[in-house]
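Novice: Mind having a look at this structure? Questions to follow.
2 protein chains.
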Amino acid sequence: MPRKSSSTGESPERITDAEHAVMEALWDHDGNASAQDIYDSVGAAREWSLATVKTLLSRLVQKQAIATSPDGRRFLYSPLIARSDYVGGESRRLVDKLFGGRAASLVAHLAESEALTMDDLTEIEQLLKELKQ
Amino acid sequence: MPRKSSSTGESPERITDAEHAVMEALWDHDGNASAQDIYDSVGAAREWSLATVKTLLSRLVQKQAIATSPDGRRFLYSPLIARSDYVGGESRRLVDKLFGGRAASLVAHLAESEALTMDDLTEIEQLLKELKQ
DNA sequence: GCTTCATGTTTACAAACGTAGTCGCTTCAC
DNA sequence: GTGAAGCGACTACGTTTGTAAACATGAAGC
């Protein structure tokens, strides 16, 4: 039994950890990067072979997370989803899963578990002040 | 090539989504629950068979996330890791992965993306005030 | 004492993932 | 034009995950 839900070819296709690393590299390149570029910026560091990077790129294309545009005999890849959307989605997932959807609970937890330094607290406080107006 | 690192039987074994649902049920039961109990509280709702629940429990035992204590011919299962530790760990993972380890960035993102209501903001502000003393 | 039921253990199997090799085609240098 | 190099597509393979059936065993009822 397949695990996906989807129906009308919609694409909230889950991005895996390895794929995410590739996405980060793509976001860094403002869109237009070749497989080799990605390999240079993320593959090498992670000790992936170029082949691995290519596989990940293909999978991301299938998942409609990135698009290709021909550039001579090769492709340039560019993200189809904005980093902030991705980040927002993942954050929401976590909040839903662990904090019953209450984002404030997450903040509370971070604060209580001292994941936040005094500086962080000040920074956030400042931020809130701005947002509340 | 295996993905695990571990060496001296250490156990930061990753808990999967399905396993997490079981953990939540266990945390709810203040520790002592039978496979049937877990099935009743989470398996049924998710339309898992009792067999599935048993598999997940076994895997959690292997991963040393829960312990068993005999109770007649069956086992009672209890968490070996506190929910708040788990939650903290997962939160940290997310912050590391998406916000370069800066928790404040996560809060900023939640706020800016309007994942936080005005009430949330007030609540957090209140919280911060207490924490900063 | 046997059947039945509950329960943990073992085995199963497809899909997803991480990781990578190979194939086929094109192009560039000689 | 012939060979090397670059590149995407296809194939591969072990592991993890989701989901579950089959099996063994012991208890409990009759």
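So the sequences go chain by chain: A and R. Going from the first sequence to the numbering used here is simple: count from 1 and add 79. Going from the second sequence to the numbering used here is simple: count from 1 and add 79. Where is the CB? At the ideal position from N, CA and C, for every residue including glycine. Just so we're clear, the structure is a prediction, and the values are computed from it rather than from any experiment.
Return no unless some Cβ of chain R is closer than 7 Å to the Cβ of A/Ala190.
Specialist: As a working note, residue 190 of chain A is residue 111 in the first sequence. With 7 Å as the cut-off, A/Ala190 counts as an interface residue toward chain R.
Novice: Whose Cβ in chain R lies nearer than 8 Å to the Cβ of A/Lys211?
Specialist: For this step, residue 211 of chain A is matched to residue 132 along the first sequence. Here the neighbours are Met197, Leu200, Thr201 and Glu204.
Novice: Considering only residues of the same chain and omitting the five flanking positions on each side of R/Val132, which have a CB-CB separation below 8 Å?
Specialist: Counted from its first residue, the second sequence places residue 132 of chain R at position 53. The residues are Val101, Ala114, Ile117, Tyr118, Val121 and Gly122.
Novice: Using 7 Å as the threshold, is the C-beta distance between R/Val186 and A/Leu177 below it?
Specialist: Taking the second sequence and counting its residues from 1, one reaches residue 186 of chain R at position 107. Taking the first sequence and counting its residues from 1, one reaches residue 177 of chain A at position 98. No. Outside cutoff.
Novice: So that I know if they touch, is there some Cβ in chain A lying closer than 7 Å to that of R/Gly167?
Specialist: If you number the second sequence from 1, residue 167 of chain R lands on position 88. So, interface residue.
Novice: Bridge partners for R/Asp150 per DSSP, in chain order?
Specialist: Walking along the second sequence from the start, residue 150 of chain R turns up at place 71. R/Arg153, per the DSSP bridge assignment.
Novice: Please classify R/Ala144: does DSSP put it in a helix, a strand, or coil?
Specialist: By one-based count along the second sequence, residue 144 of chain R stands at place 65. It is coil, neither helix nor strand.
Novice: Does R/Leu177 have its Cβ less than 7 Å from a Cβ in chain A?
Specialist: Residue 177 of chain R sits at position 98 when you count from the first residue of the second sequence. R/Leu177 counts as touching chain A.
Novice: Between which two residues does the alpha helix (DSSP H) harbouring R/Ser163 extend?
Specialist: Here residue 163 of chain R refers to the residue found at position 84 of the second sequence. It spans Arg162 to Phe178 - the alpha helix (DSSP H) in which R/Ser163 sits, taken as one unbroken run.
Novice: Compare the Cα-Cα distances from A/Ser170 to each of R/Glu191, R/Asp150 and R/Ser157 and report the closest residue.
Specialist: Translated into the one-based positions of the first sequence, residue 170 of chain A becomes position 91. Nearest of R/Glu191, R/Asp150 and R/Ser157 to A/Ser170, Cα basis: R/Glu191.
Novice: With 16 other CB atoms within 10 Å as the buried threshold, where does R/Glu193 fall?
Specialist: Start at 1 with the first residue of the second sequence, and residue 193 of chain R comes out as number 114. Its Cβ having fewer than 16 others within 10 Å, R/Glu193 is exposed.
Novice: Mark R/Ala130 as exposed unless 16 or more other C-beta atoms lie within 10 angstroms of its C-beta, in which case mark it buried.
Specialist: For the purposes of this step, residue 130 of chain R is taken as residue 51 along the second sequence, with counting starting at 1. When all chains shown are included, R/Ala130 counts as exposed.
Novice: Under 8 Å between beta-carbons, which chain R residues line up against A/Leu207? List them in chain order, please.
Specialist: Walking along the first sequence from the start, residue 207 of chain A turns up at place 128. Per Cβ cutoff of 8 Å: Ala190, Leu200, Ile203, Glu204 and Leu207.
Novice: Provide the residue span of the alpha helix (DSSP H) that contains A/Ala97, from first to last.
Specialist: In the first sequence, the residue the question calls residue 97 of chain A occupies position 18. Asp96 to Asp107 is the span of the alpha helix (DSSP H), which, as asked, contains A/Ala97.
Novice: Going by DSSP, what residues sit across from A/Ala112 in a beta bridge?
Specialist: For the purposes of this step, residue 112 of chain A is taken as residue 33 along the first sequence, with counting starting at 1. The partner list for A/Ala112 (beta bridge, DSSP) reads A/Tyr156.
Novice: Could you give the residue range of the alpha helix (DSSP H) that holds A/Leu206?
Specialist: As a position in the first sequence, residue 206 of chain A is number 127, starting the count at 1. Residues Met197 to Leu210.
Novice: Check the Cβ of A/Leu159 against every Cβ in chain R and list those closer than 8 Å, keeping chain order.
Specialist: By 1-based counting over the first sequence, the position of residue 159 of chain A is 80. None at all; the shortest Cβ gap to chain R is about 18 Å.
Novice: Between R/Leu159 and the rest of its own chain, which residues show a CB-CB distance below 7 Å, the 5 nearest in sequence each way excluded?
Specialist: By 1-based counting over the second sequence, the position of residue 159 of chain R is 80. So the list reads Gln143, Ala144, Ile145 and Ala146, once near-sequence residues are dropped.
Novice: Of all Cβ atoms in chain R, is any one closer than 7 Å to the Cβ of A/Leu139?
Specialist: The sequence position of residue 139 of chain A within the first sequence is 60, counting from 1. So, not an interface residue.
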